[in-house]
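Student:
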């Protein structure tokens, strides 16, 4: 991009910027769009016609940060330090201040935009069912994830809440066939890589299905798989409504070093059509409670005795 003088372009419309012959060159590197003032401006540098970025007031610097986040889903503390020539302490203080105003969400090492959150989500009648139980299960499941893990996250709202609980994890990889999870992670988890399985979109739903999905997963291997179920019965194991769902969940577990089931106790003693897993297929089971001891008794009578995690 041609370098131009800050004074020459200030408040000029974009059409003028690209068509006029501007004579000045004072090492202004890039332009950005100021959403509040609806004009194009350069990222400020230590040159003529303007003060050094280190001389900006906190309010001015934070306005630049928010404009930056309007163009990208996340920003790091090191980005702020380099751009504005401030200390890490100052950069973090700016993010804390902006978060307190409800303008962004801080994550480890930086912040993510609230306005560029997931555009693909579940219908309210699904995402708002058993929210507290799912959030508790998700938070407990997240404690089992280590930095650097390759994870398989099952389709569905429980998996979605689990993805949201991974905000502080670093250098993780998420494999999923769920469009909402993939979309959320790509915009809101700056320290995560996302692998979206291929396949056909199941009509009326937000996940990929079919032979291509199974083929894609058959070529991948993960450290940990986190799956869910529509029901659990001691005599029938974990069950789901659709045959494909049973097949892909089984493959998730088979192609992972460790397998975890996430299920709320409202699904205990319920049976759907297809079995997706048995207790002995799992390394751990994460529940929101076991008031009647159904899961505890089933684990005690199993061969492998997977660990039971009760979310608080």
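In the numbering used here, the protein residues as written are 106 to 417. Yeah, the Cβ is synthetic: ideal placement off N, Cα and C, and Gly gets one too. Nothing here was measured: the structure is a model prediction, and the numbers come from that model.
Which value, in whole angstroms, describes the spacing of the CA atoms of residue 266 and residue 402?
Tutor: Mapped onto the chain shown, residue 266 falls at position 161. Mapped onto the chain shown, residue 402 falls at position 297. Rounded to whole angstroms, residue 266 to residue 402 spans 27 Å at the Cα level.
Student: Can you tell me whether residue 285 is buried or exposed, with buried defined as 16 or more other CB within 10 angstroms of its CB?
Tutor: Sequence index remark: in the chain shown, residue 285 carries index 180 (1-based). Label assigned to residue 285: buried.
Student: I'd like to know whether the C-beta atoms of residue 387 and residue 371 end up nearer to each other than 9 Å.
Tutor: Counted from its first residue, the chain shown places residue 387 at position 282. Counted from its first residue, the chain shown places residue 371 at position 266. Result no, Cβ atoms of residue 387 and residue 371 do not sit closer than 9 Å.
Student: Tell me the DSSP bridge mates of residue 297?
Tutor: The sequence position of residue 297 within the chain shown is 192, counting from 1. Answer is 277.
Student: Buried or exposed for residue 241, please, with buried defined as at least 16 other CB atoms from any protein chain shown within 10 angstroms of its CB.
Tutor: Walking along the chain shown from the start, residue 241 turns up at place 136. With 16 or more Cβ atoms within 10 Å of its Cβ, residue 241 is classed as buried.
Student: By the DSSP assignment, the beta strand (DSSP E) with residue 366 in it spans what residues?
Tutor: Within the chain shown, the letter at position 261 stands for residue 366. 361–367 is the span of the beta strand (DSSP E), which, as asked, contains residue 366.
Student: Distance, Cα to Cα, residue 411 vs residue 359?
Tutor: Locating residue 411 in the chain shown gives position 306, where the first residue counts as 1. Locating residue 359 in the chain shown gives position 254, where the first residue counts as 1. If I take the Cα positions, the gap works out to 16 Å.
Student: For residue 409 and residue 209, I'd like the C-alpha separation in whole angstroms.
Tutor: If you number the chain shown from 1, residue 409 lands on position 304. If you number the chain shown from 1, residue 209 lands on position 104. Spanning the two alpha carbons is a distance of roughly 45 Å.
Student: Could you tell me which whole beta strand (DSSP E) segments of length 3 or greater appear in the stretch 149–203?
Tutor: Runs of the beta strand (DSSP E) inside the stretch 149–203: 179–181.
Student: In three-state terms, what does DSSP make of residue 373?
Tutor: Position 268 of the chain shown, counted from the first residue, corresponds to residue 373. In this structure, residue 373 counts as strand in the three-state DSSP scheme.
Student: Between which two residues does the beta strand (DSSP E) containing residue 344 stretch?
Tutor: Residue numbering aside, residue 344 sits at position 239 when the chain shown is read from its first letter. Unbroken beta strand (DSSP E) run through residue 344: 342–345.
Student: Whole-angstrom Cβ separation of residue 245 and residue 414, contact assumed at under 8 Å?
Tutor: Indexing the chain shown from 1 puts residue 245 at position 140. Indexing the chain shown from 1 puts residue 414 at position 309. Confirmed, Cβ separation roughly 5 Å.
Student: As a quick exercise: from 385, 349, 374, pick the residue whose alpha carbon is nearest that of residue 397.
Tutor: Translated into the one-based positions of the chain shown, residue 397 becomes position 292. Checked all of 385, 349, 374; the closest Cα to residue 397 is 374.
Student: Per DSSP, residue 330 forms a beta bridge with which residues?
Tutor: As a first step, residue 330 must be located in the chain shown, where it is residue number 225. Paired residue(s): 257, 364.
Student: Is the Cβ-Cβ distance between residue 339 and residue 399 less than 9 Å?
Tutor: Along the chain shown, one-based indexing puts residue 339 at 234. Along the chain shown, one-based indexing puts residue 399 at 294. Yes, the Cβ-Cβ distance between residue 339 and residue 399 is below 9 Å.
Student: Any idea which residues DSSP pairs residue 412 with across the strands?
Tutor: Position 307 of the chain shown, counting from 1, holds the residue named residue 412. DSSP lists 389 as partners of residue 412.
Student: Which stretch, first to last residue, makes up the beta strand (DSSP E) that contains residue 215?
Tutor: For the purposes of this step, residue 215 is taken as the residue at position 110 of the chain shown. First-last of the beta strand (DSSP E) with residue 215: 215–218.
Student: Quick one: any contact between the stretch 287–295 and the stretch 319–333, if contact means 3 or more CB pairs under 8 Å?
Tutor: Too few Cβ pairs lie closer than 8 Å, so no.
Student: Just the Cα atoms here: how many angstroms apart are residue 236 and residue 249?
Tutor: The sequence position of residue 236 within the chain shown is 131, counting from 1. The sequence position of residue 249 within the chain shown is 144, counting from 1. Spanning the two alpha carbons is a distance of roughly 20 Å.
Student: With DSSP as the reference, please indicate the residues paired to residue 459 in a beta bridge.
Tutor: Since the displayed the chain opens at 106 and closes at 417, residue 459 lies outside it and no answer follows.
Student: Indicate the three-state DSSP secondary structure (helix, strand or coil) for residue 264 in the structure shown.
Tutor: Position 159 of the chain shown, counting from 1, holds the residue named residue 264. Residue 264 falls in the helix class under three-state DSSP.
Student: Return the CA-CA distance between residue 150 and residue 290, expressed in angstroms with no decimal places.
Tutor: In the chain shown, residue 150 corresponds to position 45, counting from 1. In the chain shown, residue 290 corresponds to position 185, counting from 1. Model confidence at residue 150 stands at a pLDDT of 40, short of 50, so the residue's coordinates are unreliable; what they give is reported in the following sentence. So the two alpha carbons sit approximately 33 Å from each other.
Student: Could you compute how far the alpha carbon of residue 379 sits from the alpha carbon of residue 167?
Tutor: For the purposes of this step, residue 379 is identified with residue 274 of the chain shown, where counting begins at 1. For the purposes of this step, residue 167 is identified with residue 62 of the chain shown, where counting begins at 1. The straight-line gap from Cα to Cα measures roughly 53 Å.
Student: On a CA-only basis, which of 319, 274, 252 is nearest residue 352? Give me that one, please.
Tutor: As a first step, residue 352 must be located in the chain shown, where it is residue number 247. Per the Cα distances, 319.
Student: What does the alpha-carbon distance come out to for the pair residue 178 and residue 272?
Tutor: Counting from one through the chain shown, the residue named residue 178 turns up at place 73. Counting from one through the chain shown, the residue named residue 272 turns up at place 167. About 14 Å.
Student: Tell me which residue opens and which closes the alpha helix (DSSP H) that residue 403 is part of.
Tutor: Here residue 403 refers to the residue found at position 298 when the chain shown is read from its first residue. It spans 399–405 - the alpha helix (DSSP H) in which residue 403 sits, taken as one unbroken run.
Student: Residues in its own chain within less than 6 Å of residue 299 by CB, not counting five upstream and five downstream?
Tutor: As a working note, residue 299 is residue 194 in the chain shown. So the qualifying residues of the chain are 279, 287, 290, 291.
Student: Could you name the residues of the same chain whose beta carbon sits closer than 6 Å to that of residue 238, not counting the 5 residues immediately before and after it, in chain order?
Tutor: On the chain shown, residue 238 is found 133 positions in, with the first residue counted as 1. Around residue 238: 369, 393.
Student: Along the chain, where does the beta strand (DSSP E) containing residue 212 start, and where does it finish?
Tutor: Position 107 of the chain shown, counting from 1, holds the residue named residue 212. Note, residue 212: beta strand (DSSP E), 209–212.
Student: Straight-line CA distance for residue 186 to residue 268?
Tutor: Counted from its first residue, the chain shown places residue 186 at position 81. Counted from its first residue, the chain shown places residue 268 at position 163. Going by the C-alpha atoms only, they are around 29 Å apart.
Student: Check whether the Cβ atoms of residue 354 and residue 381 sit closer than 9 Å, and answer yes or no.
Tutor: Along the chain shown, one-based indexing puts residue 354 at 249. Along the chain shown, one-based indexing puts residue 381 at 276. In this structure, residue 381 lies closer than 9 Å to residue 354 by Cβ.
Student: So, at 6 Å on beta carbons, what are the nonlocal neighbours of residue 212 in its own chain, with the 5 sequence-adjacent residues on each side left out?
Tutor: Counted from its first residue, the chain shown places residue 212 at position 107. Correct list, in chain order: 272.
Student: Alpha carbon to alpha carbon, how far is residue 162 from residue 282? Give it in angstroms, no decimals.
Tutor: In the chain shown, residue 282 corresponds to position 177, counting from 1. In the chain shown, residue 162 corresponds to position 57, counting from 1. About 46 Å.
Student: What number of angstroms, rounded off, separates the C-alpha of residue 362 from the C-alpha of residue 327?
Tutor: Counting from one through the chain shown, the residue named residue 362 turns up at place 257. Counting from one through the chain shown, the residue named residue 327 turns up at place 222. Residue 362 and residue 327: Cα-Cα distance of roughly 7 Å.
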